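Just so you know, the protein sequences line up as chains A and B, in that order.
According to the UniProt record's numbering, the stretch in the first sequence is residues 1 to 177, in order.
According to the UniProt record's numbering, the stretch in the second sequence is residues 1 to 177, in order.
For glycine and all other residues, C-beta sits at the position ideal for the given N, C-alpha and C.
None of the values given here were measured: they were computed from a predicted structure.
A short worksheet on the structure shown next.
There are 2 protein chains.
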Amino acid sequence: MEEGMSVRARGGGGGTKCGRWNPTTEQVKVLTDLFRSGLHTPSTDEIQKISSQLSFYGKIESKNVFYWFQNHKARERQKRRRIFVDEPKAEGFHFSCQDNNITSTKHFSEISNFNQVVEQPEKVKETLQLFPPNSLNESESEKLRFFAEDCKENSAFSYNIGPEKDHPTLDLRLSFL
Amino acid sequence: MEEGMSVRARGGGGGTKCGRWNPTTEQVKVLTDLFRSGLHTPSTDEIQKISSQLSFYGKIESKNVFYWFQNHKARERQKRRRIFVDEPKAEGFHFSCQDNNITSTKHFSEISNFNQVVEQPEKVKETLQLFPPNSLNESESEKLRFFAEDCKENSAFSYNIGPEKDHPTLDLRLSFL
DNA sequence: ATCTTATGAATGAACG
DNA sequence: CGTTCATTCATAAGAT
Numbered sequence: 001m002e003e004g005m006s007v008r009a010r011g012g013g014g015g016t017k018c019g020r021w022n023p024t025t026e027q028v029k030v031l032t033d034l035f036r037s038g039l040h041t042p043s044t045d046e047i048q049k050i051s052s053q054l055s056f057y058g059k060i061e062s063k064n065v066f067y068w069f070q071n072h073k074a075r076e077r078q079k080r081r082r083i084f085v086d087e088p089k090a091e092g093f094h095f096s097c098q099d100n101n102i103t104s105t106k107h108f109s110e111i112s113n114f115n116q117v118v119e120q121p122e123k124v125k126e127t128l129q130l131f132p133p134n135s136l137n138e139s140e141s142e143k144l145r146f147f148a149e150d151c152k153e154n155s156a157f158s159y160n161i162g163p164e165k166d167h168p169t170l171d172l173r174l175s176f177l
Numbered sequence: 001m002e003e004g005m006s007v008r009a010r011g012g013g014g015g016t017k018c019g020r021w022n023p024t025t026e027q028v029k030v031l032t033d034l035f036r037s038g039l040h041t042p043s044t045d046e047i048q049k050i051s052s053q054l055s056f057y058g059k060i061e062s063k064n065v066f067y068w069f070q071n072h073k074a075r076e077r078q079k080r081r082r083i084f085v086d087e088p089k090a091e092g093f094h095f096s097c098q099d100n101n102i103t104s105t106k107h108f109s110e111i112s113n114f115n116q117v118v119e120q121p122e123k124v125k126e127t128l129q130l131f132p133p134n135s136l137n138e139s140e141s142e143k144l145r146f147f148a149e150d151c152k153e154n155s156a157f158s159y160n161i162g163p164e165k166d167h168p169t170l171d172l173r174l175s176f177l
């Protein structure tokens, strides 16, 4: 493992198979260097600058830089997390680090399913107006409130939407909108 | 680290783990079609209706639809933004160097036509015929695996990264950060 | 060739 | 909305 420098210098060379970005050693070095020096989350502008600079060493795009930092940081983090768990040197306490389902219900829990649906104007003129004006005033973040999470802890029973995939007529005409 | 699995797009069938929403291919297709047809920011009602319809294909909640549109829109822009800087010469299309074989990857460029996708009338409601019998119906798409970047053979200047490649002129002055 | 590891890429979820 | 995080998928490179 590690970034044990291996020979990957082929970025600028010849037939680089263009499946996915394959950074050159120089590119990796610079990126790693930047990371080590404290740049963990470059801004968009920085990403573009870095990408631009690194393009000297070989084919690269800003999204590659973006992903690189994303991944590097995440893996650093996860590595650290793993060590923390795998190496409980501190005998004092235990840690049940992962519940594997901690993701939910952070602030979703605050909403009641009852809504502040202000009012549903029945402006039915001409052709059915299906677009309540009030929804236009909603900010996106407020919309989220409507969708109160309630991840039914699943499973054992609850879905009945079986593997019924054949579904002949895709009647999702969506004219319902 | 993990095992290299290859299963994707498991429909609403099996033991759907309630970790996070895993859209079926049908769901993704419909959502994508809606988006491409101009619905970029669905209202609360639309979200609920879409969710309701899509629930036929598998477990789904309104918030999933909400997030899907948020993410898709944001990433569409992000990509567009990036293309702008990475490829100043806006060409109408790009080509793929993707060799044959390997998992599908039939990326029909979704973002390539950026000179026409710009802000359509946001309200695509009422009877919108979304599924023309013979539209560009990609019969089956594994997963949207686009992001086709053109593989410039970086022919211009090949940086032969020799053993001691010290960038002459263009030195990485990382002080630009 | 097959398994394993490292890492590029994608995306659902969520934050500020 | 633009960003960031967590997880997962996919794949190139090593190891066996």
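8 Å is my cut-off, CB to CB: does residue i come that close to chain B?
i	result
W69 (chain A)	In the sequence as presented, Trp is not what sits at residue 69 (chain A); that position holds Phe. It does not; no Cβ of chain B falls within 8 Å.
S139 (chain A)	no
residue 182 (chain A)	There is simply no residue 182 (chain A) to check, as chain A begins at 1 and stops at 177 in what is shown.
F147 (chain A)	yes
K143 (chain A)	yes
C97 (chain A)	Low confidence applies here, because C97 (chain A) scores a pLDDT of 37, under 50, leaving its location unreliable and the question unanswered by this model.
K73 (chain A)	no
K79 (chain A)	no
Q116 (chain A)	Here the model assigns Q116 (chain A) a pLDDT of 36, short of 50, so the residue's position is not dependable and the matter cannot be decided.
L31 (chain A)	no
Is residue i close to chain A, meaning its C-beta is less than 8 Å from at least one C-beta of that chain?
i	result
V85 (chain B)	yes
R66 (chain B)	In the sequence as displayed, the identity of residue 66 (chain B) is Phe instead of Arg. Interface residue, yes.
R36 (chain B)	no
R82 (chain B)	yes
T44 (chain B)	yes
H40 (chain B)	no
P23 (chain B)	no
How many whole angstroms separate the CB atoms of residue i and residue j, which I take to be in contact at a CB cut-off of 8 Å?
i	j	result
F66 (chain B)	K143 (chain A)	6 Å
Q48 (chain A)	S62 (chain A)	5 Å
F69 (chain B)	T32 (chain B)	With a Cβ gap of about 11 Å, F69 (chain B) and T32 (chain B) do not count as contacting.
E46 (chain A)	T44 (chain B)	Going by Cβ atoms, the distance from E46 (chain A) to T44 (chain B) rounds to 37 Å, so no, they are not a contact pair.
Given residue i, which residues of its chain have a CB within under 8 Å of its CB, disregarding the five upstream and five downstream residues?
i	result
Q53 (chain B)	V30
R20 (chain B)	none
residue 187 (chain B)	The requested residue 187 (chain B) is not part of the displayed model; chain B covers only 1 to 177.
In chain order, what residues of the same chain lie with their CB nearer than 6 Å to the CB of residue i, ignoring the 5 residues before and after it?
i	result
I50 (chain B)	V65
F84 (chain B)	none
Quick one: residues in its chain with C-beta nearer than 7 Å to the C-beta of residue i, no 5 flanking neighbours on either side, listed in chain order?
i	result
E26 (chain B)	Y57
H72 (chain B)	F35
With a threshold of 7 Å (Cβ to nearest heavy atom), would residue i be considered close to the ligand GTP?
i	result
E46 (chain B)	Although the ligand GTP was asked about, the structure shown includes no ligands whatsoever.
Tell me, please, whether the segment 43-61 of chain B touches the segment 75-86 of chain B by the rule of three or more beta-carbon pairs shorter than 8 Å. Contact between the segment 43-61 of chain B and the segment 75-86 of chain B is absent, because fewer than three Cβ pairs lie under 8 Å.
Alpha helix (DSSP H) segments (min. 4 residues) lying fully within the segment 34-70 of chain B: 44-54
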